[in-house]
Structures are given as C-alpha cells and as structure tokens.
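Trainee: Residue numbers (the numbering used here): 518 to 764.
Even for Gly, the Cβ is constructed at its ideal location relative to N, Cα and C.
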C-alpha cells in the first residue's frame, strides 16, 4: 500500500493543478497547518510530503511561500520563467539559460583528503556521483562531485542501489538521486548540511565560486561530501533552511 505521505503529496499536486485550471506555471500552495486541516492528516505527514515533492523538483520554497509547478511543464522540461533547474546535487539558478546535465554514478577510490574526511581505508572505493551542467555552446557552468561514506551506504539501502537506478532525461539516462534526502529520512537519519564557501581562480581566467557541502546525521556521522563549483558570471546560489516545528 502506498505510504500516507506519498498519497498526501499526490493530493497536494492534484489540488494545485486543479486551482491552476490546467495552465502551466506556478501556483502557491497553502501553509502546512492549512494543508493538514484540509487533508485531515497531521503536520508531520504534510511536512514529509512537501519534502518528497521538493526533492522531486515539483515544488519550490522561498521567502514568500511554497509554490507548485502546475500543468505539464516541470522544472526539467521548462524554466517556466524561474530559471533552468539542475539535477541533484544542484546549487545555482542560471537565469533561464538552457542547460544540459551530464551525470555518472559509480564505485571508485577517492582522493586522500576525502578518504580522511569519510574515514575510509586507503584505496577503498565508495559511491561517487559526478555531475556537470553545460550550456548549448558547450561551456560548463557548474561542476559537482559527491562522495558518500560507508555509514550512508550501510544505513540507506536505496542509496546503495542508486548505482543501478536511472531515469529518462532529454539528454540520456541519468542516475536518479532526486529523492536522496527523503531516503535518508526514511532510514531514520536527519541530514544536517554545513557549507564552506571559497573563491578560486578558473582554469581559463576569471573566478569560480566553490562550495564544499558536508552532510552529517543527527549523530554527527558524516554521510556525504559534495564539492560544487559554479561560474558566478552565469548563475547565483540560493539556500533554503527548514526550521524545526515548535512543540
């Protein structure tokens, strides 16, 4: 039987699309409290449903509220006036420019500094996700590589199977990690993200914005290290923080 939060997520999207009358675009959705009341579920179920939709790229949240992409147009197919949305691990909005994503997922040894961070034995492979965003001109505007610890692989079975999961995409099969943080939550982990930001010289002049993302669980065990590099002339980085609900 489908999980309650999945059914709740589906109903949220049906309601948003119903209010949009079939038109493509974005539609603001009600608050967690209002959704819980109208759908007759508790707020934790609503929160989990929204996390699921956010991970799937079907909704976005900013300072003004939470919005659903409606109609047949999704962030992957069209910018819908909001900028092209990259695949996991994402990071930047490229102002409506069309970008092509190229990603791989494989087990491989990692550089010694990453080995030390993840607590890996020398030359012991782990799961590595490589991701690149490219303009139509062939210019790379974002690069990212994510390394996963054996703690993450042992506690999140869907992640360890991710190397065999691909999804349809206009530019060929892509590793499907859209639900990574949902998988972690389902495994009883509460991801905590910490970023370190720096500016580095580019290979062909100019500067690149580099962000190292460290994701720990509630026990402070490192789950993931992602090194993300963005051409700041092309895109801007946005962050979203989800605050815990008051008791």
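1. Of all the options 629, 696, 631 and 521, which has the alpha carbon lying nearest to the alpha carbon of residue 568?
2. What separation, rounded to the nearest whole angstrom, lies between the Cα atoms of residue 543 and residue 533?
3. Out of 737, 634, 723 and 643, state which residue places its alpha-carbon closest to the alpha-carbon of residue 746.
4. Under 6 Å Cβ to Cβ from residue 621, same chain only, skipping five residues before and after it: list those, please.
5. So residue 661 is in the beta strand (DSSP E); what residue range does that whole segment cover?
6. Quick check: what's the CA-CA separation for residue 669 versus residue 710?
7. In angstroms with no decimal places, state the Cα-to-Cα distance between residue 671 and residue 677.
8. Kindly indicate which residue of 564, 715 and 660 has the alpha-carbon position closest to the one of residue 522.
9. Please look up how many angstroms separate the CB atoms of residue 700 and residue 673, rounded, as I've assumed it's under 8 Å.
10. Taking the CB atoms as reference points, tell me whether residue 713 and residue 735 lie closer together than 7 Å.
11. Should residue 554 go down as buried or exposed, given a rule of 16 or more other Cβ atoms within 10 Å for buried?
12. Please report the distance separating the alpha-carbon of residue 643 from that of residue 528.
13. To which residues of the same chain is residue 727 closer than 6 Å at the C-beta, ignoring the five residues directly before and after it?
14. Look up residue 555 in the DSSP assignment and say whether it is helix, strand or coil.
15. If we ignore side chains and look at the alpha-carbon of each, how far apart do residue 741 and residue 631 end up?
16. Just mark residue 579 as buried or exposed, buried being the case when its beta carbon has 16 or more other beta carbons within 10 Å.
17. Here's the rule I'm using: 16 or more other beta-carbon atoms within 10 Å means buried, otherwise exposed. How should residue 640 be labelled?
18. Going along the chain, which unbroken runs of the alpha helix (DSSP H) with 4 or more residues stay wholly within the segment 690 to 739?
19. From which residue to which residue does the alpha helix (DSSP H) around residue 650 run?
20. On the criterion of 16 or more Cβ atoms from any shown chain inside 10 Å, does residue 748 qualify as buried, or is it exposed?
21. What does DSSP give as the partner residue(s) for residue 545 in the beta ladder?
22. Output the distance between the C-alpha atoms of residue 659 and residue 729, rounded to the nearest integer angstrom.
23. Of the choices 619, 675 and 586, whose alpha-carbon is the least far from that of residue 571?
24. Considering Cα atoms alone, identify which of 619, 530 and 623 is closest to residue 583.
25. Would you kindly check if the distance between the Cβ of residue 525 and the Cβ of residue 566 is under 7 Å?
Mentor: Reading it off the structure:
1. One-based indexing of the chain shown puts residue 568 at position 51. Closest option to residue 568, Cα to Cα, is 696.
2. The sequence position of residue 543 within the chain shown is 26, counting from 1. The sequence position of residue 533 within the chain shown is 16, counting from 1. Approximately 9 Å between the Cα atoms of the pair.
3. For the purposes of this step, residue 746 is taken as residue 229 along the chain shown, with counting starting at 1. Ranking the options by Cα distance to residue 746, first place goes to 723.
4. Walking along the chain shown from the start, residue 621 turns up at place 104. These residues qualify, in order along the chain: 647.
5. The count along the chain shown starts at 1 and reaches residue 661 at position 144. Per DSSP, residue 661 belongs to the beta strand (DSSP E) from 657 to 665.
6. Within the chain shown, numbered from 1, the residue matching residue 669 stands at position 152. Within the chain shown, numbered from 1, the residue matching residue 710 stands at position 193. For residue 669 and residue 710, the distance between alpha carbons rounds to 14 Å.
7. The residue you call residue 671 lines up with position 154 of the chain shown. The residue you call residue 677 lines up with position 160 of the chain shown. Spanning the two alpha carbons is a distance of roughly 8 Å.
8. Your numbering for residue 522 matches position 5 in the chain shown. Per the Cα distances, 564.
9. Here residue 700 refers to the residue found at position 183 of the chain shown. Here residue 673 refers to the residue found at position 156 of the chain shown. Yes, residue 700 and residue 673 are in contact; Cβ-Cβ is about 5 Å, under 8 Å.
10. As a working note, residue 713 is residue 196 in the chain shown. As a working note, residue 735 is residue 218 in the chain shown. No, Cβ-Cβ distance for residue 713 and residue 735 is not below 7 Å.
11. Taking the chain shown and counting its residues from 1, one reaches residue 554 at position 37. That one is exposed.
12. Position 126 of the chain shown, counting from 1, holds the residue named residue 643. Position 11 of the chain shown, counting from 1, holds the residue named residue 528. Using only the alpha carbons, I get a separation of about 38 Å.
13. Position 210 of the chain shown, counted from the start, is the residue given in the question as residue 727. Closer than 6 Å at the Cβ level, and outside the excluded window around residue 727, lie 715, 717 and 746.
14. In the chain shown, residue 555 corresponds to position 38, counting from 1. Looking at residue 555 - three-state DSSP - the assignment turns out to be helix.
15. Here residue 741 is taken as the residue at index 224 of the chain shown, counted from 1. Here residue 631 is taken as the residue at index 114 of the chain shown, counted from 1. Each residue's Cα considered, the two are about 10 Å apart.
16. In the chain shown, residue 579 corresponds to position 62, counting from 1. With fewer than 16 Cβ atoms within 10 Å of its Cβ, residue 579 is classed as exposed.
17. Here residue 640 refers to the residue found at position 123 of the chain shown. The residue in question, residue 640, is exposed, as its Cβ has fewer than 16 Cβ neighbours within 10 Å.
18. 697 to 703
19. One-based indexing of the chain shown puts residue 650 at position 133. Taken as a continuous stretch (DSSP letters only), residue 650 belongs to no alpha helix (DSSP H), being part of the beta strand (DSSP E) at 643 to 652.
20. On the chain shown, position 231 is the one that residue 748 refers to. In this structure residue 748 is buried. Its beta-carbon is surrounded by 16 or more other beta-carbon atoms within 10 angstroms.
21. Taking the first residue of the chain shown as 1, we reach residue 545 at position 28. Residue 545 is bridged to 584.
22. Counting from 1 along the chain shown, the entry for residue 659 is found at position 142. Counting from 1 along the chain shown, the entry for residue 729 is found at position 212. Their Cα atoms are separated by approximately 13 Å.
23. Stepping through the chain shown from its first residue, residue 571 is reached at position 54. Comparing Cα-Cα distances from residue 571 to each of 619, 675 and 586, the minimum goes to 586.
24. In the chain shown, the residue the question calls residue 583 occupies position 66. Taking only the C-alpha atoms, the option nearest residue 583 is 530.
25. In the chain shown, the residue the question calls residue 566 occupies position 49. In the chain shown, the residue the question calls residue 525 occupies position 8. Yes.
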